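Protein chains in written order, with my numbering: chain V, 967 to 1170; chain C, 796 to 1016; chain B, 708 to 859.
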Amino acid sequence: DGVAILPAPQNLSVHSTNMKHLLMWSPVVVPGEIIHYFVEYQGEYESLYMSHIWIPSSWGSPTEDPECDITDDITATVPYNLRVRASLGSQTSAWSTLQHPFNRNSTILTPPVMEVTKDGFHLVIKLEDLGPQFEFLVAYWRREPGAKEHVKVVRSRGIPVHLETMEPGVPYCVKVQTLVKAIGRHSPFSQVECVRVQGETLPL
Amino acid sequence: VLCISGGLPKPTNITFLSINMRNILQWSPPEGLQGTEVTYTVQYFIYGQKKWLNKSECRNISRTCCDLSVETSDYEHQYYAKVKAIWETNCSKWAETGRFNPFLETQIGPPGIALTTDERSISIVLTAPEKWKRNPEDSSLSMQQIYSNLKYNVSVYNTQSNRTWSQCVTNHTLVLSWLEPDTLYCVHVESFVPGPPRLAQPSEKLCVRTLKDQTSAVKVK
Amino acid sequence: GLKTLHLGSCVITTNLQEMRNGFSEIRDSVQAKDEIIDTRILRKTESLQDTKPTDQCCLLRHVLRLYLDRVFKNFKTPDHRILRKTSSLANSFLTVKKELRLCHAHMTCPCGEEATEKYSQILSHFEELTPQAAAVKALGELDILLQWMEEM
């Protein structure tokens, strides 16, 4: 009855960037055959209160690739146990479990892609939409001695956001960092980008 | 009304349409009975209480909606409603809504928008959407008084540069300064309340042209 | 973003928005399973916001424990989508409970008479039902509990 003949998948690891979590493992190879994999997870609640319960992953049960996007499964800031097994017809391998539980607060956060533009005198920024958990801390200032740095926390939905009304002739600079309050962390700041509105005279 | 229950198919698509706490129960006629002389009777229920209550103004009605705003006005509670169809001596079984939570489900209507302009600025005055009221002469209650974290997403579209930008504001006045003279700008505002996902009622787009510049021109490159 | 809950002298931050979003995706399905509509577990008379501040932390801690011990555990569903969402909610509740435990450790979560009385009322409503029916009803009332927390 499908006794474990197949080897269990090895080298499980999670690669997580900007709250997108990918579970990967070494493929099980049987020449000429397509192996299916089943991924399951349990959060800290399950491991504490009902340790026999494992939940099939949203996207990895089954999958043919030696990887599974577990982003929709890891939805609380607690350690998660993850396991994978291989299947070929009626044969199934033993479960292989991730050595250390994964917590989303270990995700790598990178600064967002940003586009600093102007519409007439208006300094506008457009940020990539990384999802509902993301906010962005936008710092902007006039590039002149003693200038004060202004900060705005912005939720991006891919729509340009107004930052400041610019005075002609003065360069304005902007840098941004990603904020994920659900895990209490932020990314490093992005590169600085500056724009300036030309213009000689100001209207009275 | 004595009738043979189940002799008719049930009304369909029964839901609450709720905007600014005006809660209208609406439904579609039973399959195959569109256009016939079907009438309807509505009842409602307060979750956790004991019995279904009649809505007298919605007994044997021919329209397919019923205003239950008064009956569902206490938004500390949740509600159910049901409707049955009656035709001659036959009537349907009750068609029932899911649990309706007005506080979480009501759509927040758009604010009122007033725009005034000069050569280089547009001032936007927003009026918070008003909560439904029982009688027109009752005092008005703003939705902001119910949802203290109500915010507005103001989108501004410069028709000349074909650019759009937005700002999230909580207060009711906003001045867009240093605009281009003699340029058509369109403004669109959406109210939103951080919290559970909720359908939004967008405002219509209002456009206004900044005045021609009377003074020396400023060349913007 | 995060919501700061002021429960007397216990102040915690929690991701209410994430829990709300998760619950709103299963709310209709879970509430549809609750056919006993003439009773309610979380009633206004026992609400958090109508409890005096010094007792709010204790009441919330006990209610969360009820959910962790007897609601999420007893809620059975063959639907994997609902299972994942309830797991997400349970694990989020666990993080809230950990924060409340810190308040308890720092003596900022005392249990006064009011909290004890209100919790026993909630428990009695809960225990009027079978364990499975109570779990379904309590899970369906998560929007009430999240609203109580929202107003703290």
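No residue lacks a Cβ here, since even glycine has one placed at the ideal position from N, Cα and C. None of the values given here were measured: they were computed from a predicted structure.
### Task
Spell out whether any CB of chain B is found under 7 Å from the CB atom of Leu1168/V.
Its pLDDT being 41, under 50, Leu1168/V is placed unreliably in this model, and the coordinates cannot settle the point.
### Query
Should Pro1154/V be labelled buried (16 or more other beta-carbon atoms within 10 Å of its own) or exposed?
With fewer than 16 Cβ atoms within 10 Å of its Cβ, Pro1154/V is classed as exposed.
### Message
Does Val1140/V pass the burial test, meaning 16 or more other C-beta atoms within 10 Å, or should it be called exposed?
### Response
With 16 or more Cβ atoms within 10 Å of its Cβ, Val1140/V is classed as buried.
### Message
I need the straight-line Cα distance from Glu883/C to Gln838/C, nearest angstrom please.
### Response
Their Cα atoms are separated by approximately 20 Å.
### Task
Please check if any C-beta of chain C sits within less than 7 Å of the C-beta of Arg727/B.
Yes, its Cβ sits closer than 7 Å to a Cβ of chain C.
### Task
Could you tell me which chain C residues have their CB closer than 7 Å to the CB of Asp850/B, listed as they occur along the chain?
What Asp850/B touches in chain C: Asn896, Leu899.
#### Entry: Cβ of Glu975/C within 7 Å of any chain V Cβ
Cβ-Cβ to chain V under 7 Å: yes for Glu975/C.
### Message
Please report whether the beta-carbon of Thr721/B lies at a distance below 7 Å from any beta-carbon of chain V.
### Response
Output row for Thr721/B: interface = no.
### Query
Once you ignore the five residues that flank Leu812/C on each side, which residues in its own chain have a CB closer than 6 Å to its CB?
Ile819, Gln821, listed in sequence order.
### Query
Quick one: is Gln1008/V buried, meaning 16 or more other Cβ sit within 10 Å of its Cβ, or exposed?
Looking at its Cβ environment, which holds 16 or more other Cβ atoms inside 10 Å, Gln1008/V is buried.
### Task
Taking His967/C and Leu921/C to be in contact with their CB atoms under 8 Å, please state how far apart those CB atoms are, rounded to whole angstroms.
Going by Cβ atoms, the distance from His967/C to Leu921/C rounds to 5 Å, so yes, they are a contact pair.
### Query
From what residue to what residue does the alpha helix (DSSP H) around Gln765/B run?
Reading off the sequence shown, one finds Cys at residue 765/B, where the question assumed Gln. Unbroken alpha helix (DSSP H) run through Cys765/B: 760–773.
### Task
Could you please give the first and the last residue of the uninterrupted beta strand (DSSP E) stretch that includes Met726/B?
Run containing Met726/B: none in the beta strand (DSSP E); it sits in the alpha helix (DSSP H), 723–731.
### Query
According to DSSP, is Pro1022/V helix, strand or coil?
Correct three-state label for Pro1022/V: strand.
### Query
So is Cys712/B in contact with chain V if we call contact Cβ pairs under 7 Å?
One detail in the question is off: residue 712/B reads as Leu in this sequence, not Cys. No, no contact with chain V.
### Query
Are three or more beta carbon pairs between the segment 871–881 of chain C and the segment 892–906 of chain C nearer than 8 Å?
Result yes; three or more Cβ-Cβ pairs closer than 8 Å.
### Message
Tell me the rounded alpha-carbon separation between Glu852/C and Lys888/C.
### Response
When rounded, the separation of the alpha-carbon atoms in Glu852/C and Lys888/C is 20 Å.
### Task
Could you check which residue in Ser857/C, Ala890/C, Leu936/C has the C-alpha nearest to that of Ser868/C?
Looking at Ser857/C, Ala890/C, Leu936/C, the one whose alpha-carbon comes closest to that of Ser868/C is Leu936/C.
### Task
Spell out whether any CB of chain C is found under 7 Å from the CB atom of Asp1095/V.
Chain C contact via Cβ: absent.
### Message
Tell me the DSSP secondary structure of Phe743/C in three-state form.
### Response
In this structure chain C extends from 796 to 1016, so residue 743/C is not present and cannot be described.
### Query
Does Asp1085/V get closer than 7 Å to chain C when you measure Cβ to Cβ?
Closer than 7 Å: yes.
### Ser921/B at chain C interface by Cβ criterion, 7 Å
A question about residue 921/B goes unanswered here, because the residues of chain B that appear run from 708 up to 859.
### Message
To the nearest angstrom, how far is the alpha carbon of Asn953/C from that of Gly1086/V?
### Response
Distance between Asn953/C and Gly1086/V, taken at the CA atoms: about 10 Å.
### Query
Do Leu974/C and Arg915/C have their C-beta atoms within less than 7 Å of each other?
With respect to Arg915/C, Leu974/C sits close: the two C-beta atoms are nearer than 7 Å.
### Task
Please state whether DSSP places Tyr952/C in a helix, a strand or coil.
Note: Tyr952/C maps to strand in three-state DSSP.
#### Entry: Sheet register partners of Trp1107/V (DSSP bridge)
In the DSSP secondary-structure assignment, Trp1107/V is bridged to Cys1139/V.
### Same chain, Cβ closer than 6 Å to Ser795/B, five either side skipped, listed in chain order
Excluding its 5 nearest sequence neighbours in each direction, Ser795/B has C-beta neighbours in its own chain below 6 Å: Gly729, listed in chain order.
#### Entry: Inter-residue Cα distance where the pair is Leu1089/V and Lys1147/V
In a straight line, the C-alpha of Leu1089/V is about 26 Å away from that of Lys1147/V.
### Start-end ranges of the beta strand (DSSP E) lying completely within the segment 810–842 of chain B, minimum 3 residues
None, since the segment 810–842 of chain B contains no complete beta strand (DSSP E) of that length.
### Task
For the alpha helix (DSSP H) holding Met816/C, just list the boundary residues, first then last.
Membership of Met816/C in any alpha helix (DSSP H) is not indicated, and neither H nor E is assigned to it by DSSP.
### Query
Would a check of beta-carbon distances place Asp842/C closer than 7 Å to chain B?
Note on identity: in this sequence residue 842/C is Tyr, with Asp being the wrong assignment. Closer than 7 Å: yes.
### Query
How big is the Cα-Cα spacing for Glu820/B and Ala1042/V?
Distance between the alpha carbons of Glu820/B and Ala1042/V is about 33 Å.
### Query
Could you give the C-beta distance for Lys805/C and Pro824/C, rounded to a whole number, given that I count them as a contact under 8 Å?
Distance from Lys805/C to Pro824/C at the Cβ level is roughly 10 Å; contact not present, criterion being Cβ atoms closer than 8 Å.
### Query
Of the residues that make up the segment 793–811 of chain B, which ones have a beta carbon closer than 7 Å to any beta carbon in chain V?
From the segment 793–811 of chain B, only Ser794, Ser795, Ala797, Asn798, Ser799, Leu801, Thr802 have a Cβ closer than 7 Å to chain V.
#### Entry: Rounded C-alpha distance that separates Gly801/C from Asn885/C
Each residue's alpha carbon lies about 7 Å from the other.
### Message
Taking the straight line between their C-alpha atoms, what separation do you get for Leu773/B and Ser716/B?
### Response
Leu773/B and Ser716/B have their C-alpha atoms roughly 23 Å apart.
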